[in-house]
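Residue numbers (the numbering used here), protein chains in the order written: chain A, 504 to 834; chain B, 26 to 353.
Glycine included, C-beta positions come from ideal geometry on N, C-alpha and C.
To keep things clear, I will list the structure first and then write my remarks on it.
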Amino acid sequence: MKYRSFIIFLILSLLSLGFFLADLVWGSIHISISEIFSVFFGKGDSGINSEILLNFRLPKAITAVLAGASLSVAGLMMQTLFRNSLADPYILGVSSGASLGVALVMMAASVLPIAFVSSGWALIVAAIIGASIVLALVVGVSFRVQNAVSLLIVGLMFGTIAGSIVSVLQNFSNPDAIKLFVMWTFGSLSAVTWTYMQVLLPVSLLGIGLAFFLQKRLDGLLLGENYARSLGISIVGTRFLIVIATGLLAGGITAFTGPIAFVGVAIPHIARGIFRTSSHKILMPASVLCGASLILFCDIISQIPAYTLPINTISALFGAPIIIWIILKKR
Amino acid sequence: MSILTTHKLSIGYSKKGKTDVIQSALNLELKAGELVCMIGPNGTGKSTLLRTLTGLQKPLSGKTFIDGKELSRLKQREKAMLISLVLTDRIEIENATVYNIVSLGRHPHSDWWGNITDNEDKIIHEAIEMVHLKHKMNQNINELSDGERQRVMIAKALAQDTPIIMLDEPTAHLDLPNRVEIMLLLHRLAHKTDKAILLSTHELDLALQAADRIWLISVERGVEFGVPEDLVFNGSFNHAFESKSYFFNADNGNFSLNYPMTRKVWVSGHKTRMYWTLRALARAGYMVVEDADTKISVTEDGWELKEKEISTVEDLLHELNILFSDQK
Chain A
504 MKYRSFIIFL ILSLLSLGFF LADLVWGSIH ISISEIFSVF FGKGDSGINS EILLNFRLPK
564 AITAVLAGAS LSVAGLMMQT LFRNSLADPY ILGVSSGASL GVALVMMAAS VLPIAFVSSG
624 WALIVAAIIG ASIVLALVVG VSFRVQNAVS LLIVGLMFGT IAGSIVSVLQ NFSNPDAIKL
684 FVMWTFGSLS AVTWTYMQVL LPVSLLGIGL AFFLQKRLDG LLLGENYARS LGISIVGTRF
744 LIVIATGLLA GGITAFTGPI AFVGVAIPHI ARGIFRTSSH KILMPASVLC GASLILFCDI
804 ISQIPAYTLP INTISALFGA PIIIWIILKK R
Chain B
26 MSILTTHKLS IGYSKKGKTD VIQSALNLEL KAGELVCMIG PNGTGKSTLL RTLTGLQKPL
86 SGKTFIDGKE LSRLKQREKA MLISLVLTDR IEIENATVYN IVSLGRHPHS DWWGNITDNE
146 DKIIHEAIEM VHLKHKMNQN INELSDGERQ RVMIAKALAQ DTPIIMLDEP TAHLDLPNRV
206 EIMLLLHRLA HKTDKAILLS THELDLALQA ADRIWLISVE RGVEFGVPED LVFNGSFNHA
266 FESKSYFFNA DNGNFSLNYP MTRKVWVSGH KTRMYWTLRA LARAGYMVVE DADTKISVTE
326 DGWELKEKEI STVEDLLHEL NILFSDQK
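Set out below in structure tokens:
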């Protein structure tokens, strides 16, 4: 059993690495693997290819890895927290909460100090706060609503409310800000420059670190709240930490890449299917690797047409069928 | 040695300033190595008492002491080292094996990362062996029967290695062989491992047979406790389950239905057949009275009524009906 897990982890790691390199190679301009190596190990010239690679494709590929890992881990935590296999940041309105935060910053940007806005901190802080508030609201409702499907509908409604507030904001904003916001909602991995990366990377790593720290308690939560308490887990504290971790992960990623749907719900299921376990000690790193691979793969596919497709579209093409499959399987 | 005691414990719910006291002034105790069954009609507070004793719910007043320490002052983890629970909550986890679930019992003992050391692994194996599920160790719990799932949860409680195990209706939803199996298992575990095991149940006859001690809960009389037979002799059962339509039959430890009995017969004869004959007669409304005019004698392979040989209960009741309708 342990041997089998080890082999699968090895294969997944190699797969992620392969996709990562492929993501660097592919694009509107072809850059060969040998060129990539020469750029990285200092022998290459500082030509246009090296510029594209270092300042465009490398941050984009790192963002893809972070986005896949963060959203998958966030989805895994939410599925355990709500004991609902369809929970994920997008479905339960957490991403919408983040969008609301982003909309507030983008459309109110004129009143905020410019250094705060341009460094990306304003975006990410607003998104994390928005995400955490919606998640806390959904957790609050989950005390009263036991039914899994009802909870999903409540989440959808919170998302809709956040969306409506965004629409109201748009009505009062100038066209430039609206255009900026609409572009953002399409979802793009290439929006993350090195400046933004300095913000996104620590936030994502902090969130993932917190999630790994919680893995033992998450195992206990699988048995339900009463059993978890009887195992010595403090429910209130754990729930709070899960909300914070999920807010950091979902809010942080959404702030820069826009809402990416279905990754959070689909990847934990894929990880469970591959490793055939319920232990978060395995599922957590498995979700990181599977999520990173999937988003890298989506990004590679989005490069194939003449002009780049929004990442959200591609991920939905993969994720939505998986949700239908889960519902059919549960019957 | 008593491991758990309560002092003037009062249980119930307090909501928006309104208090609903279900039971009060409870002075109870649990002893190590004993199986205690809590029985009583619905709505008398069995679950509330169990939740209060485990610390899942606060008492309205009074105190619970475990191992000399006051329950309300203990941290969540310290409680988890003293009491393990088996609840009625249904477990739905994808891809969890028997081993996975039982290993969760080690939660309060293991380090923050939750590594399973060789020693932990040994304890988990022993717990699974004690509930006779060794052959299903790596099976997915969704593939198990209800009885097996209940045994998995008991193994989880054993792996938690606490001096007290409490179970909320562990035999509910199980068929008769599984109910007997679970009761016997718990009885054996209490004696073998010297743990105090407390469970709530509706299985009166099983509880009477397996329990070392009974907590009998009723609205009027609170919690009465003692060795099962003593409670039978002093009539506590009859009081606790008082009703017009049935009564606690001290002769066999079961409930008997109160049939309207107007017609009198006298029965004598063979012993085993006698028991079933009496049941059938009671159901049909015949009161058995000494030296009644109508006499039935039970023979080895049938009955004799008015010097007539009868071979089935159906025919017997039929003959009696004819007899009594003639008399009217």
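query                                                                                                                                                                                                         : result
Here's the rule: buried if 16 or more other CB atoms are within 10 angstroms of the residue's CB, otherwise exposed. What is Gly662(A)?                                                                       : buried
Are the C-beta atoms of Thr780(A) and some chain B residue less than 8 Å apart?                                                                                                                               : yes
Along the stretch 724-744 of chain A, what residues have a CB closer than 8 Å to any CB found in chain B?                                                                                                     : Leu725, Leu726, Gly727, Asn729, Tyr730, Arg732, Ser733, Leu734, Gly735, Ile736 and Ser737
Buried or exposed: Leu306(B), going by 16 or more other Cβ atoms within 10 Å of its Cβ?                                                                                                                       : buried
So what's Gln18(B) in DSSP terms, helix, strand or just coil?                                                                                                                                                 : A question about residue 18(B) goes unanswered here, because the residues of chain B that appear run from 26 up to 353.
Could you tell me which uninterrupted alpha helix (DSSP H) segments, each at least 4 residues in length, are contained entirely in the stretch 234-258 of chain B, listed from first to last along the chain? : 253-258
Which of the three DSSP states, helix, strand or coil, is assigned to Ile664(A)?                                                                                                                              : helix
Quick check: what's the CA-CA separation for Leu348(B) versus Thr69(B)?                                                                                                                                       : 47 Å
Rank Leu717(A), Ala774(A) and Ala795(A) by C-alpha distance to the C-alpha of Thr749(A) and give the top, closest one.                                                                                        : Leu717(A)
Can you give me the C-alpha to C-alpha distance between Thr324(B) and Leu342(B), rounded to a whole angstrom?                                                                                                 : 16 Å
So His32(B) is in the alpha helix (DSSP H); what residue range does that whole segment cover?                                                                                                                 : Careful: His32(B) lies outside any alpha helix (DSSP H), inside the beta strand (DSSP E) at Ser27 to Lys40.
Is the beta carbon of Leu556(A) closer than 8 Å to that of Leu752(A)?                                                                                                                                         : no
Below 7 Å between beta carbons is the criterion; list the residues of the stretch 173-190 of chain B that meet it against any residue of chain A, in chain order.                                             : none
Between Glu145(B) and chain A, is there a C-beta pair that is closer than 8 Å?                                                                                                                                : no
Could you tell me which whole alpha helix (DSSP H) segments of length 4 or greater appear in the stretch 725-788 of chain A?                                                                                  : 728-733, 738-749, 755-760 and 766-778
Whole angstroms is fine: what's the gap from Thr218(B)'s alpha carbon to Ile242(B)'s?                                                                                                                         : 27 Å
Within the 8 Å Cβ cut-off, does Arg102(B) reach chain A?                                                                                                                                                      : yes
For Tyr593(A), which residues does DSSP report across the bridge?                                                                                                                                             : Tyr593(A) is not bridged to any residue.
With DSSP as the reference, please indicate the residues paired to Phe90(B) in a beta bridge.                                                                                                                 : Thr30(B) and Glu95(B)
Is the Cβ of Ser575(A) closer than 8 Å to any Cβ of chain B?                                                                                                                                                  : no
Exposed or buried, Gln701(A), counting other C-beta atoms within 10 Å across all chains shown (16 or more means buried)?                                                                                      : exposed
Does DSSP put Lys220(B) in a helix, a strand or coil?                                                                                                                                                         : coil
Rounded to a whole number of angstroms, what is the C-alpha to C-alpha distance between Lys104(B) and Arg732(A)?                                                                                              : 9 Å
Under 8 Å between beta-carbons, which chain B residues line up against Arg647(A)? List them in chain order, please.                                                                                           : Here the premise fails: no neighbours, minimum Cβ distance about 15 Å.
Compare the beta carbon distance of Leu75(B) and Glu54(B) with 8 Å and say whether it is the shorter of the two.                                                                                              : no
Thinking Arg720(A) and Asn120(B) are a contact (beta carbons under 8 Å), I'd like their distance in whole angstroms, please.                                                                                  : So it is not a contact: roughly 19 Å between Cβ atoms.
Name the chain A residues whose beta carbon is nearer than 8 Å to that of Asp171(B)?                                                                                                                          : The contacting residues do not exist; Asp171(B) stays about 17 Å from chain A at best.
Just by C-beta distance, which residues in the stretch 670-693 of chain A are closer than 7 Å to chain B?                                                                                                     : none
How long is the line joining the alpha carbons of Val642(A) and Ile747(A), rounded to whole angstroms?                                                                                                        : 12 Å
Taking 8 Å as the limit between beta carbons, can you name the residues of its chain near Gly247(B), skipping five residues before and five after?                                                            : Gln48, Ser49, Ala50 and Leu51
Can you grab the Cα-Cα spacing for the pair Ile773(A) / Lys832(A), in whole Å?                                                                                                                                : 14 Å
Could you tell me the alpha carbon to alpha carbon distance between Ser508(A) and Leu607(A), rounded to whole angstroms?                                                                                      : 45 Å
Tell me where the alpha helix (DSSP H) around Ile681(A) begins and ends.                                                                                                                                      : Pro678 to Phe689
For a contact meaning CB atoms closer than 8 Å, what does Ser588(A) contact in chain B?                                                                                                                       : Glu119
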